[in-house]
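> Sharing a structure here in structure tokens format.
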Amino acid sequence: MKQHYRVAVIGGGIVGTSILYHLARRGWTDIALLERAELTAGSTWHAAAGFHALNDDPNIAALQSYTIKLYQQIEAESGQSVGMHMPGGYSLASTPERWQWLKAECAIYQTLGIGARLATAEEIVAACPIVDPAGLLGGLFDPHEGAVDPHGTTHAFALAARKRGADVVLRNRVLALAQLPGGEWRIETEQGALTAEHVVNAAGLWARRVGRMVGLDLPLTPMQHHYLVTEDLPELLARPDEMPCVTDLEGYTYLQQERKGVLLGVYERNPRHWQVEGAEWDYGMDLLPEEIDRISPELAIGFQRFPSLLEAGIRKWVNGAFTFTPDGNPLVGPVPGRRNFWSACGCMSGFSQGGAIGKVLADWIVDGDPGADIFGMDVARYGAFASNDRYLRETTAQFYARRFVIAYPNEELPAGRPLKLTPSYDAQRAAGARFGVVWGMESPQFFAPGEADFVEQPSPRRSNAQRFIAAEVAATRAAAGLLDTGVYARYEVSGPGAQGWLDRLLASRLPAPGRVRLAPMLSPAGKLMGDLSVMRLDGDRYWLVGSYYLQEWHLRWFHDHLPPAGVRIDNLSESWLGFSLSGPRSREILARLTRADVGNAALPFLGAAAIDVGLTRAIVARVALTGELGYELTVPAAQQRALWEALIEAGRDFGLRPIGMRAQDSLRLEKGYGVWSLEFAQSYTAAMSGLDRYIDWDKGDFIGRAAALAERERGPAQRLVLLAVDSGDADVSGFEPVTAGDRRVGFVTSGAYGCHVRQSLALAYLDAAIITQPEPLTVTVLGEACPARLLAEPPYDPRGLRPRV
Ligand SMILES: Cc1cc2nc3c(=O)[nH]c(=O)nc-3n(C[C@H](O)[C@H](O)[C@H](O)COP(=O)(O)OP(=O)(O)OC[C@H]3O[C@@H](n4cnc5c(N)ncnc54)[C@H](O)[C@@H]3O)c2cc1C
């Protein structure tokens, strides 16, 4: 071990070794992996080590495909066998709902270029004779499913890294970490002290403890997981080839061939956590005692589906622990507020994701950019609230127990709720609100006024709540709608350097005092980093408004680009709240509550002012995502209830109705407006998304200008468009393929039923050629091909007159 390295990776599991390898591959060879015991000594050694490409988050699915492709490469490079088997795998459907869900998923995987296909029950039983066909309707075949040897794979990464010059230091626990005044990290280890420019926490079962060494409380916690391995089965002894893997989604089990027997793993509905903080420092390569009674309900279903297992001897039971985060995805990337301290932990699927985590993290360290949209696994997608013991316990248990359960787009799950409430929560509840949750904040989805017993049914189609959503849309188009904006983030930027800094950070021109502007924010590579709106309150005081759940992510970006002095950023997201009031009667409603002139001249479209509204002093911006005359009113949090009372009271005579996010979605789709994470995300650029129309090319340099200019000159390969889709009683949900004839020409980003225009609508990225020379299109909705038309202009108020009245 040397006294100094450029990067020190803590942890020699599948994730840490992959990071070491990828850093070395990028030419950073002054690097070391510090391992407490032996390689694989955490969760890695006893993993079933199965892998697959399928994931509900398409960006993560793409990264999983990368991991799988890497295995043969590291085997060749290291000379160490990874023991890879890839017979493919079937996910079984034994209910009509599941069968339809798999058909829909299959279409989405095709968009992603994952060669999944549907399979009949007969095919499955022929390929996997141990499957009982009772009730089986069919399945989804993923050709990229299989397993590796966890020991061989981890050693292959480490060996390949060492061949390129990296050090691997075993039996050397990291004891303490401290950042030196110059920014380097001092690392105390059992074998002495060293320094490193960057430290990576890949400590798996101990990652929470390693996080604490730098004052972090990471939102991850270990859970127990069982699998059993059988003796040889006659059906498998008889065949020369390997049986495909099988996941019985209704049965909560997965199965893969292991020698001539099988390995059966269980995601039980009654999961059990392990030690909240993770393993003790001296925890060996031990197994946990089996809890067969606890998992017996799922085992019983498993034995029904795979009856020959009843006769088989059990060679071994494994009950081990590995870490979970609230959404089951890992925590990767630079930790906000800890310069050059990187997270690569919380990984529950190391053999599908470990390779990709290594690549992303190495690219991020070397280039300052992960090279892909990895928000779904970014450590900055969570805030401090997610590390609360009970929140973690409830959300991780919910994730584990629902690992194979169908997730419907209209379903709101109960774990960790209610946590954050706006002051008008009770009043909105009394008005019939049904809530969803964004980053812990309760947010009305729709209102069922006077129907206390109404329960929305989870469904992939338009649900039984549609009549409420339609009524909210109708009220907003004809009179006014009132939407809680608790799920908006707000940052105040002030100080003598504010203008110069924002001018460089944002691609748009900065607004004049009392004005608002939409402001795309770009990465140096020209990728979108935000779709903020910027409001200038007065001289050097600005507000940036964005998505609530992006707070840590945006603040990390702001702080990474902050000048040493002269700019102050205050996060007002929890301390200021408000409502969006929109619709043709909204000005009259507002006028009832204020002496200020809210006429078109005094408060024009994209104007902003601080005025008295009822008892509150509100910041009022004339903007709305509904495509109507509208105002966003923001007040100190404690006054939000008073604002609600005032607006509801003033709006009564004008037909004002409280509305939820689902109505807002319908309204925005009728205008073709995109939102972050769906239409706007790190994978897309300003020119692709149409946000380039807000760029000020003449203002001088800003982050991403060169890349955006180059793209403007060559033209983007795909563009965001609006489609009308004839899809019966279902709407798209995202990533469905768009085809012209038998060619795939794009994919959907989001959609909704336009209740006012009476048309199912979808926003989609389409190849540029099909936009200039349109052809008849189809969109695959719930697995069925539906005719679609490119809309040259939004179906509602195409000239954009209504917001300007
Ligand atoms: C029963 C079971 C079945 C599983 N099946 C699968 C499967 O089929 N497919 C799949 O993809 N995943 C599976 N997993 C999950 C998989 O094991 C994990 O995703 C993966 O092992 C996580 O790897 P890691 O490198 O993040 O952490 P770990 O393997 O826990 O490695 C962390 C390493 O860090 C070291 N370390 C910790 N603290 C320090 C310190 N202070 N100083 C130095 N070193 C330190 C530890 O000794 C350890 O070696 C399974 C897990 C279990 C338990």
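In our numbering, each number is its position in the sequence shown, counted from 1, plus 1. Even for Gly, the Cβ is constructed at its ideal location relative to N, Cα and C.
Please report the Cβ distance between residue 10 and residue 203, rounded to the nearest whole angstrom; I am assuming they are in contact, meaning their Cβ atoms lie under 8 Å.
The pair is a contact, with the Cβ atoms about 6 Å apart (cut-off 8 Å).
> Using beta-carbon positions only, say whether residue 542 and residue 512 come within less than 8 Å of one another.
The answer is no: Cβ separation not under 8 Å.
> According to the Cβ coordinates, are residue 569 and residue 704 closer than 8 Å?
Their beta carbons are not under 8 Å apart, which means residue 569 does not touch residue 704 by this criterion.
> Within a Cβ cutoff of 8 Å, which residues of the same chain sit near residue 757, ignoring the five residues on either side of it in sequence?
The residues are 474, 475, 478, 667, 668, 671, 797.
> Check whether the Cβ of residue 273 sits closer than 7 Å to any heavy atom of ligand 1, and report yes or no.
Checking every heavy atom of ligand 1 against the Cβ of residue 273, none is found closer than 7 Å.
> Within 10 angstroms of the Cβ of residue 238, are there 16 or more other Cβ atoms? Answer buried if so, exposed if not.
Exposed, because fewer than 16 other Cβ atoms sit within 10 Å of the Cβ of residue 238.
> Straight-line CA distance for residue 518 to residue 577?
Cα-Cα distance, rounded: 20 Å.
> Using a Cβ-Cβ cut-off of 7 Å (strictly less than) and excluding sequence neighbours within five positions of residue 271, which residues of its own chain qualify?
295, listed in sequence order.
> Quick one: any contact between the region 325-344 and the region 307-314, if contact means 3 or more CB pairs under 8 Å?
These segments do not touch.
> Can you tell me whether residue 386 sits near ligand 1, meaning its C-beta is under 7 Å from at least one heavy atom of the ligand?
Residue 386 Cβ: outside cutoff for every heavy atom of ligand 1.
> For residue 402, name the three-state secondary structure that DSSP assigns.
If DSSP states are grouped into helix, strand and coil, residue 402 belongs with the helices.
> Mind checking whether residue 607 and residue 673 have CB atoms under 8 Å apart?
Going by C-beta atoms, residue 607 is not nearer than 8 Å to residue 673.
> Answer yes or no: the CB of residue 349 versus the heavy atoms of ligand 1, is any distance below 7 Å?
At least one heavy atom of ligand 1 is nearer than 7 Å to the Cβ of residue 349, so yes.
> What would DSSP say about residue 696, mapped onto helix, strand or coil?
Residue state, collapsed to three classes: coil.
> Would a C-beta distance cut-off of 8 Å place residue 325 and residue 349 closer than the cut-off?
Cβ distance < 8 Å, so residue 325 and residue 349 count as in contact.
> Taking residue 632 as part of the beta strand (DSSP E), name the residues at either end of that continuous run.
Run containing residue 632: 631-637, per the beta strand (DSSP E) assignment.
> Could you please give me the residues that DSSP links to residue 571 through a beta bridge?
Answer by DSSP bridge pairing, in chain order: 493.
> If I measure Cβ to Cβ from residue 404 and keep anything under 7 Å in the same chain, skipping five residues before and after, which residues do I get?
If we look at residue 404 and ignore the five residues flanking it on each side, its Cβ neighbours are 268.
> Taking one C-beta from the region 312-322 and one from the region 18-25 each time, how about it: are there three or more such pairs within less than 8 Å?
The region 312-322 is not in contact with the region 18-25.
> Spatial neighbours of residue 55 within its chain, please: C-beta separation below 6 Å, excluding the five flanking residues on both sides.
For residue 55, where only same-chain residues beyond five positions count, the Cβ hits under 6 Å are 143.
> Around the Cβ of residue 702, are there at least 16 other Cβ atoms within 10 angstroms (buried) or fewer (exposed)?
Answer is exposed; the Cβ neighbour count stays below 16.
> To which residues does DSSP link residue 532 through a beta bridge?
521.
> Quick one: does the C-beta of residue 432 sit closer than 7 Å to a heavy atom of ligand 1?
No, ligand 1 has no heavy atom inside 7 Å of this Cβ.
> May I have the straight-line CA-CA distance separating residue 456 from residue 647, to the nearest angstrom?
So the alpha carbons of these two residues sit roughly 29 Å apart.
> In terms of DSSP beta bridges, what is residue 320 paired with?
Residue 320 pairs with 227.
> Cα separation between residue 588 and residue 550?
If you take the alpha carbons of residue 588 and residue 550, they lie about 30 Å apart.
> Cα separation between residue 136 and residue 99?
Rounded to whole angstroms, residue 136 to residue 99 spans 12 Å at the Cα level.
> Looking at the structure shown, is residue 442 part of a helix, part of a strand, or coil, going by DSSP?
Strand at residue 442.
> Going by C-alpha distance, which of 109, 123, 395 is nearest residue 223?
It is 395 whose Cα lies nearest to the Cα of residue 223.
> Run through the DSSP bridge pairs and tell me what residue 720 is partnered with.
DSSP output for residue 720 lists 767 as bridge partner(s).
> Out of 659, 76, 637, which one is the CA nearest neighbour of residue 616?
Looking at the Cα atoms, 637 is the closest of the given residues.
> So, do the region 579-594 and the region 611-625 have three or more beta carbon pairs nearer to each other than 8 Å?
The answer is yes - the region 611-625 touches the region 579-594, with three or more Cβ pairs under 8 Å.
> Is the region 732-744 touching the region 773-793, taking contact as three or more C-beta pairs under 8 Å?
Touching, yes.
> Suppose contacts are defined by Cβ-Cβ distances below 8 Å. Is residue 764 in contact with residue 752 by that definition?
Yes, these two residues count as a Cβ contact at 8 Å.
> Express the C-alpha separation of residue 41 and residue 288 in angstroms, rounding to a whole number.
Straight-line Cα distance between these residues: approximately 14 Å.
> Leaving out five residues on either side along the sequence, give the residues of the same chain with a beta carbon under 6 Å from the beta carbon of residue 410.
Closer than 6 Å at Cβ, skipping near neighbours: 734.
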